[in-house]
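In what follows, a structure is listed as structure tokens, so that the remarks can point back to it.
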Amino acid sequence: RRRAEEEFESDELPLEQQWDKLETLRRHLSRAEQAENTCSWTVVCDQRLFLAQFFSCADREQGGQSRPATEARACLAEVYLQLGDLQAARQQADQCLQQAEGEGWVDSSGRPLRLRALRALSSVYSRLADAPLEAEDHSEALRLLHRGHSIATEAEDKKLEFDTLLRLGLPIRAQEDHDTLFNTCMQICVSLHDAEGLGKSYKAMSKSIESEGNTQETLECLEKLVDICRDNGLKRNLADAFLCLGNTYFTMREYSRASEFFLQGYGVSCELGDVALLQKAQ
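My numbering puts the sequence shown at residues -1 to 280.
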């Protein structure tokens, strides 16, 4: 990256006369285009990230604190998120937030840069929780998820707030007030007219209730999920809901009822032509 910045440092000549610069730009744009044609999306991101880092001037002494450079940091944070480099994404989002704080700056689309940085940071903390969750370090995972939710609330993004709340409610069941969490999730979905999100809330709640051994309430949640999916034409979610009901009845040793729901799930999967769902139903 430093080499690239040095390569482009000179402004003595007009751009059309800086052949080395033009050739380097052409090379990276061509690589990105070739990668896009072969669906090599990581390579596409890498090549565009190279160009974004150059054009942003975010790390340069002159102009590095300007509004365009601050917007560039927001872009870099989002690209690093796509690439899975969470530490780099957090660094860029933090710097973007620091530079945008109190300035009232908006990006080229009219979105406040401060809120854009907060959205990126919330996503970073939520994804950073994946590793401790996998290692069953619930204390660290909970800290990161709470941080992500707090930032999402500050970012004034209801959809992001819903996503972080749902994650808080799923993996660490014994340590959270799930009724409050899931009810808040549902209220957000109703306000956003988000039927799919509402279904996710009921599915998450059913898992939480099932873990407590309350089978009847689990069934009620799943039946509500079926109604939501059916009423809103969410066929893929409907098939999954039928299979969840089938599994619950199967654990209750009510095999006839389980078979009934498995068959319904299989039927919807056939309509969709979804191989993964078909295999699950089979």
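Glycine included, each C-beta is placed from N, C-alpha and C at the ideal position.
Keep in mind the model is a prediction, meaning the values are calculated, not measured.
Asked: Between Arg125 and the rest of its own chain, which residues show a CB-CB distance below 7 Å, the 5 nearest in sequence each way excluded?; Found: Leu84
Asked: Taking the CB atoms as reference points, tell me whether Gln45 and Arg24 lie closer together than 8 Å.; Found: no
Asked: Quick one: using the 10 Å Cβ neighbour count with 16 as the cut-off for buried, is Glu59 buried or exposed?; Found: Note that Glu59 scores a pLDDT of 49, beneath 50, so its modelled location is shaky; the value from the coordinates is reported in the next line. Exposed, by the Cβ-count rule.
Asked: Asp161 lies in the alpha helix (DSSP H); which residues open and close that run?; Found: Lys156 to Gly167
Asked: Assuming Phe240 and Met203 are in contact, meaning their beta carbons sit under 8 Å apart, how far apart are those beta carbons, in whole angstroms?; Found: Rounded, the Cβ-Cβ distance is 18 Å, inconsistent with contact.
Asked: In chain order, what residues of the same chain have a beta carbon less than 6 Å from the beta carbon of Glu152, not counting five sequence neighbours either side?; Found: Leu116
Asked: Report the three-state DSSP secondary structure of Pro110 (helix, strand or coil).; Found: strand
Asked: Where does Tyr253 land, buried or exposed, given buried means 16+ other C-beta within 10 angstroms?; Found: exposed
Asked: Cα-Cα, which of Ala91, Cys73 and Lys198 is closest to Ile226?; Found: Lys198
Asked: Could you check whether the region 148 to 164 touches the region 100 to 116, counting it as contact only if at least three pairs of C-beta atoms, one from each stretch, sit closer than 8 Å?; Found: yes
Asked: What ranges does the alpha helix (DSSP H) occupy inside the region 197 to 263, keeping only unbroken runs of at least 4 residues that lie completely in it?; Found: 213 to 229 and 233 to 249
Asked: Rounded to whole angstroms, what is the Cα-Cα separation between Gly108 and Pro66?; Found: 13 Å
Asked: Based on Cα-Cα distance, which residue from Glu269, Gly263 and Leu270 lies nearest to Gln280?; Found: Gly263
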